[in-house]
Every structure is written in structure tokens, then in C-alpha cells.
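Please read the structure below before turning to the comments.
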Ligand code: PNS
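Residue numbers (the numbering used here): 1 to 165.
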């Protein structure tokens with residue numbers, strides 16, 4: 001059985017992430033979408049909220065499950081008995097960091113990384129930009145699933161109210 005992990009922070013899941021998961025689900029028999037912790041990034045949603053949104057977004061796939069992990073991705077892969085990591089590449093600018101992570105992960109465990117080019121319509125799409133645009137009132141409704149958009153708008157409003165206090 002061909003199995004792969006699709007890791008990310010998913011804060012929040014975007015249509016670009018779903019594009020990569022969709023294509024991984026065709027290439028592999030089973031895909032585990034793994035919600036991890038990238039310590040260098042500021043979070044808008046808790047791990048539970050991110051898992052919840054991803055599970056809703058991935059309900060349509062028969063061969064995809066969503067799990068959270070703490071610590072190293074390679075440890076999670078070993079626990080799950082999975083040797084392949086799938087990462088989306090939006091542009092050349094993604095490549096340096098993704099290559100570095102792929103090589104580090106390969107040095108830590110028996111893990112191969114497969115890069116899938118993002119569909120062109122999503123090549124500019126990043127959770128960080130979606131959060132920034134939403135924070136300043138921009139329309140991101142076409143970039144994330146509808147239920148994510150609702151939660152994003154609500155969370156941004158909560159944060160704005162907290163900042164006013
Ligand atoms: O969506 P992101 O933020 O690009 O996802 C990055 C993530 C979570 C996949 C990456 O930071 C990660 O694998 N974190 C787990 C800790 C780890 O294994 N770090 C070493 C990476 S070489």
C-alpha cells in the first residue's frame with residue numbers, strides 16, 4: 001500500500017492546501033494530513049480548531065485522514081510507518097526552504113519527500129497572506145472553503161475587539 005503524509009500548519013486550511021491533498025489522494029492509496037507546529041509562525045487558530053476545519057475539508061476523500069502531531073515530522077512518520085512526505089511547491093521561492101527541510105528529514109529518518117507543483121490558480125495563495133488580507137477587511141472568500149471563511153471573519157473580528165480593549 002502506498003501511503004504518504006501531507007504535513008503543514010494549516011492556519012487555516014486554504015483551497016491551495018486542498019488542491020495538494022486532492023492530488024496526493026490520487027497518487028497514493030492513503031494520505032495522512034498532519035497538522036504540525038511551526039514554532040516560527042504566529043497562530044490565529046488553535047491546533048484543535050485547525051484539525052476541526054481540516055477534517056471538515058477532507059471529509060470528501062475516502063482515503064484521507066487528518067491527524068495532529070507534536071515534535072518532529074520524522075518521528076510522526078515513523079510512528080505511522082509512512083516513508084513519503086508530500087509537499088506543494090507554489091513557486092521557486094518555496095524551493096530553497098522545502099529542499100532544506102526535505103534533506104533534513106531524509107537525514108533524520110527513512111523519509112522521501114515528493115514535491116507536487118501547486119495548480120497555477122493557487123500559486124500566490126498562503127495562509128499567512130489570507131490572514132493578513134482578512135485582518136484588514138479584504139475579501140478572501142474565494143480562497144478558503146466557506147466554513148473556514150466564516151470562522152476566519154469571526155476570529156479576526158474577535159482579535160480586533162480584543163485589541164480595542
Ligand atoms: O505549513 P508550514 O508552516 O509550512 O508547515 C511546516 C511544518 C509544520 C510541516 C514543519 O514546520 C514541520 O515539519 N514541523 C515539525 C517539526 C519538524 O520536524 N521540524 C524539522 C523540519 S526539517
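Note that beta-carbon positions come from the ideal geometry of N, C-alpha and C, so glycine has one too. Note that the coordinates shown come from a computational prediction; the quantities given were computed from them, not determined experimentally.
Kindly examine the ligand PNS and report whether one of its heavy atoms sits closer than 7 Å to the Cβ of residue i.
i          : result
residue 68 : no
residue 12 : no
residue 53 : no
Would the beta-carbon of residue i fall within 8 Å of that of residue j?
i           : j           : result
residue 108 : residue 98  : no
residue 85  : residue 161 : no
residue 152 : residue 7   : no
residue 168 : residue 17  : Residue 168 lies beyond the range of the chain shown here (1 to 165); nothing can be said about it.
residue 93  : residue 14  : no
residue 69  : residue 36  : yes
residue 135 : residue 114 : no
Pull the bridge partners of residue i from the DSSP assignment, please.
i          : result
residue 37 : Looking at the DSSP assignment, residue 37 forms no beta bridge with any residue, so it has no partner.
residue 3  : 30
(request) Evaluate contact between the segment 69 to 88 and the segment 25 to 36, counting only Cβ atoms and requiring at least three cross-stretch pairs below 8 Å. (result) yes
(message) Extract the residue ranges of the alpha helix (DSSP H) inside the segment 39 to 74, only unbroken runs of 4 or more that lie entirely within it.
(response) 47 to 58
(message) Report the start-end ranges of each alpha helix (DSSP H) in the segment 70 to 118 that is 4 residues or longer and not cut off at the edges.
(response) 73 to 80 and 92 to 108
(request) Could you tell me whether the segment 137 to 151 touches the segment 101 to 120, where touching means 3 or more Cβ pairs closer than 8 Å? (result) no
(message) Please give the ranges of any alpha helix (DSSP H) in the segment 119 to 159, keeping only runs that are unbroken, at least 4 residues long and fully inside the region.
(response) 127 to 135
(request) Could you tell me whether the segment 121 to 130 touches the segment 49 to 62, where touching means 3 or more Cβ pairs closer than 8 Å? (result) no
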